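Protein chains in written order, with full-length UniProt numbering: chain A, 1 to 288; chain B, 1 to 805.
Even for Gly, the Cβ is constructed at its ideal location relative to N, Cα and C.
From a predicted model like this one, the values you see are computed outputs, not experimental measurements.
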């Protein structure tokens, strides 16, 4: 581990992206992933450690036209307690309710959970089925520019994303769900919380007269990144939630994922869980 | 203070059975307790150990030159630097620093003492070790195969030093011609006849996994030599007096020059019952540096290098008659000893007691072979083999009951012992609340009705199945005579203000002994708990005690404390009688006063009496000593004998919900009935039982140290799953007060008991819910799901048939 040469704590976004532009920067927000990973030698902190917690632009949850914008620095606890989230995005609140422990929720941020790009990150699967986009800011030519990317396309591997080294993840934008929108999250670990998912499932769609449209299915911890499951979505799109459809969707899900064996579960068991829990989620939606 | 005038008569009161807050609770809750981690001695160095990066290998070379050259490094040691090192451990097979061969990943190769932990860490990275890999034994069954690689072959040092060995040299010097670390054989009754009389016989193999203690306080030590060469150790040991003697042997020192002080200990559970290489190495470093040296494990190191519970492969044959009478038990176990022998290998002492004497068994035949492998080595852990034994027995009890179509509770009651019985192994049950434990736990949980109903509802729609399971345990409750003495000494003094200093050999490791011992003393002397100061952590001050193990402290140290208090009381009353011209038998102590025993009328304030005694012509202080040795006996060569002064019993009923879609088992309720002799501190005993239940729950459902080809794959709390608050079940605990005649105020030991039955009862509950019996622990969701889908591998054990007669 090379020693950290400088520690910076910018107070504005402009300042922060300026520092990033100079290169060799590790970003610190809540620190709940960064610290244990660097200590364990899995992640090397670069020459500059930049604490972004003093930047006001990165905080808060607000309505922004037809979307909800959640600042990257928003903690998991703040999301859990936010009235906008409760009203429009209950599936995200549900995921936050299964997220680690109170202490970690108080420190850990949404931007950090996304930036850490764990295939098992608890907020990623629900955000993907909510069609969330990430907002990235940079200062390549002396002025701040931003771009947006769908979250479903953001991850490229464990710990890797399409964020360029000079970019800062500033916020997540989630379109306001339409009438009839339903979304569910399920996480499987040995313990109800304070556990890394063996698998996680997000399912969303709009139900109109019993027919599902805009079907979204995403899985966590079954691939190098959280994934959107196109074939499973296809099995769900435009269908009624009858027994045959549910079984077809669950089977499609099992076939579509390609997990690995690790200390937490075998691939076979993960596929079984994906099938059984996809079925259970859809059964519950059908009965509701 | 003129209390006497207001209180003309002092009402009789007792502290026994009350809810008394632990004396150390405020300090701990406020974060003010100074553990060894918090201690900083002037001039102190920090030490780190370089461990093997190979599971089994010959060490070709070790180069420490770069580490020694690093600024801030004071000492770097390898085996070559301590040619006088002696082997440690039960079998003397373990040299603290390995010079010739590493046998597991935890093995110590070099150690550094430096100005800071960071420098010590950096120095470790500069040490170059060249290895030559050797074949790995990770399956204990492979260790017994003909031609298996030897874990402790005769050393072949280039200097040929082994040639100078005496014939009885320890294994570490002389080697071992096979991989058998230890064997135990026990038998009573006529096995063949008992088997012939059986109507039903089951034979199954059970597999018990690795778990580890996870003490909040990780292992640590500070060692320091004074200018005269006396050694002072700040140590977390549970057995200071045994260790003082052993260290003296390892260090070629006079034991009187070794002093052990125990800072507050953050949990032991058996893990601090043996001497480990890190302790000896730290002393070597302190000797070389001539400075205090502190060594504290990281959490990962604690997972990798502290002992585990003994993993066991166990084949049990059990039989009974159609009328429900048990006939026999035959047991063969294979203990995975790991690379070195610690207390884990001796768990058969406890396991055979459970096989021979939990329920009335006319014939019992028990055999254990403990074998060397390249895995982590097992130590002692709360329950000491009894969780493993009970897991097998209590599943067979259910299976036998089902086979003869008898209610599982009735079957157990038919074979349960009563007070006064002597078992085949020679254990005498002077007090025995076993049947009351069974009926109480069953009634309070509505066991019989639920057990029947759950079977009826197994086939109902819906993924979640409910189950209820019962299991019981027998454990020593009055110490265990393993060492020449199982005793404990007490020194007690009263000061001029009638405050008591209780100096006891018994260590406090978080179990609440300070509080319960204070309570017992105050009960004799009629004083409030606040009047007692306990001194219990310094071998230079406290009288001898064998240590914290075998659930013995309340019983043994309690009787010792009562003995000293009774002597003090006799002295006080005699003095009071003489001074006030009355008969001492008419006097008593109550509420801080000498009183008239019949009326409660105060005679003199105790503090005043103490001062009168002290500041008189014949100045006298009240100071007494007492040594209690329990009336237990050593076992004979066949492991028979009444090894404990009392025996504890418990029945636990576990209720579960099994989600058949995921395999997750939710423990919803535990109903326990514990024969504890008598409740002394109700708050303390509730806490100890609740904590024990949760530890048993972890063993049953979530905890699993995954050792894969000698490599521990989950040395952290992320992947080693302790039970957390939301999963803790509802608990209904009843105390059966059998009032043991020898116990302090009637009490028996309870420390280990609550962990023992949970896994066994959970296994029976899962069967009750699903009709699927699982023979291997732990019941993690995937293991249960596999079993429910017929994909569980049934454990097999073949090796014993080849190697034992």
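Query, Result
"Which residues in the same chain have their Cβ closer than 8 Å to the Cβ of residue 225 of chain B, if we skip the five residues on either side of it in sequence?", "231, 232, 286, 287, 290"
"Which value, in whole angstroms, describes the spacing of the CA atoms of residue 11 of chain A and residue 56 of chain A?", "8 Å"
"When the Cα of residue 347 of chain A is compared with those of A:185, A:171, A:117, A:156, which residue comes out closest?", "The first residue shown for chain A is 1 and the last is 288, placing residue 347 of chain A beyond what the model contains."
"Using Cβ-Cβ distances below 7 Å, what residues of the segment 712-724 of chain B are close to chain A?", "713, 714, 718, 719, 721, 724"
"Residues in the same chain with beta-carbon distance under 8 Å from residue 210 of chain A, minus the five sequence neighbours each way, listed in chain order, please.", "240, 241"
"My parser needs the beta strand (DSSP E) runs of 3 or more residues fully inside the segment 660-743 of chain B; what are they?", "665-675, 730-736"
"Which class does residue 95 of chain B belong to by DSSP, given the choice of helix, strand or coil?", "coil"
"Following a CB-centred definition, is residue 221 of chain A positioned closer than 8 Å to any heavy atom of the ligand SAH?", "Absence of the ligand SAH from the depicted structure is noted, as is the absence of any ligand whatsoever, leaving it without description."
"Identify every residue that forms a DSSP beta bridge with residue 649 of chain B.", "B:474, B:675"
"Have a look at residue 155 of chain A and residue 260 of chain A and give me their C-alpha separation to the nearest angstrom.", "18 Å"
"Can you name the residues of chain D whose CB is closer than 8 Å to the CB of residue 263 of chain A?", "The structure shown contains no chain D; the protein chains it does contain are A and B."
"Note down, one range per segment and in chain order, each alpha helix (DSSP H) of at least 4 residues found wholly within the segment 10-88 of chain B.", "25-29, 65-69"
"With DSSP run on the structure shown, which of helix, strand or coil describes residue 614 of chain B?", "helix"
"Between the C-alpha atoms of residue 687 of chain B and residue 695 of chain B, what's the straight-line distance to the nearest angstrom?", "12 Å"
"Taking Cβ to Cβ, would you say residue 733 of chain B is nearer than 9 Å to residue 20 of chain B?", "no"
"Taking 9 Å as the threshold (C-beta atoms), are residue 276 of chain B and residue 378 of chain B in contact?", "no"
"Would you identify the three-state DSSP class for residue 339 of chain B, choosing helix, strand or coil?", "coil"
"Would you please state the rounded distance, in angstroms, between the beta carbons of residue 181 of chain B and residue 134 of chain B? I believe it to be under 8 Å.", "No, residue 181 of chain B and residue 134 of chain B are not in contact; Cβ-Cβ is about 18 Å, not under 8 Å."
"So for residue 404 of chain B, helix, strand or coil by DSSP?", "coil"
"Alpha carbon to alpha carbon, how far is residue 702 of chain B from residue 722 of chain B? Give it in angstroms, no decimals.", "6 Å"
"Would you call residue 397 of chain B buried or exposed, if buried means 16 or more other Cβ atoms sit within 10 Å of its Cβ?", "buried"
"Using only CA atoms, which one of B:113, B:410, B:579 lies nearest to residue 603 of chain B?", "B:579"
"Against residue 196 of chain A, what residues of chain B qualify as contacts under a CB-to-CB distance less than 9 Å, listed in chain order?", "718, 719"
"Assess, as a yes-or-no matter, whether the segment 505-513 of chain B is touched by the segment 235-244 of chain B under the definition of 3 or more beta carbon pairs within less than 8 Å.", "yes"
"Does the CB of residue 133 of chain B have a neighbour CB from chain A at under 9 Å?", "no"
"List the residues that DSSP assigns as beta-bridge partners of residue 332 of chain B.", "B:315, B:367"
"Which residue from B:458, B:153, B:748 puts its Cα closest to that of residue 340 of chain B?", "B:153"
"Rounded to a whole number of angstroms, what is the C-alpha to C-alpha distance between residue 220 of chain B and residue 322 of chain B?", "56 Å"
"Give a yes or no on whether the C-beta atoms belonging to residue 470 of chain B and residue 653 of chain B are separated by under 9 Å.", "yes"
"Show which residues of chain A have a CB atom less than 8 Å away from the CB atom of residue 780 of chain B.", "190"
"Using a beta-carbon distance below 9 Å, is residue 797 of chain B in contact with chain A?", "no"
"Against chain A, which members of the segment 691-704 of chain B pass a CB distance test of less than 7 Å?", "702"
"Using the Cα positions of residue 309 of chain B and residue 610 of chain B, report the straight-line distance between them to the nearest angstrom.", "50 Å"
"Taking Cβ positions only, does residue 13 of chain A come closer than 9 Å to chain B?", "no"
"Are the beta-carbon atoms belonging to residue 199 of chain B and residue 264 of chain A less than 9 Å from one another?", "no"
"Is there a Cβ of chain A sitting closer than 9 Å to that of residue 372 of chain B, yes or no?", "no"
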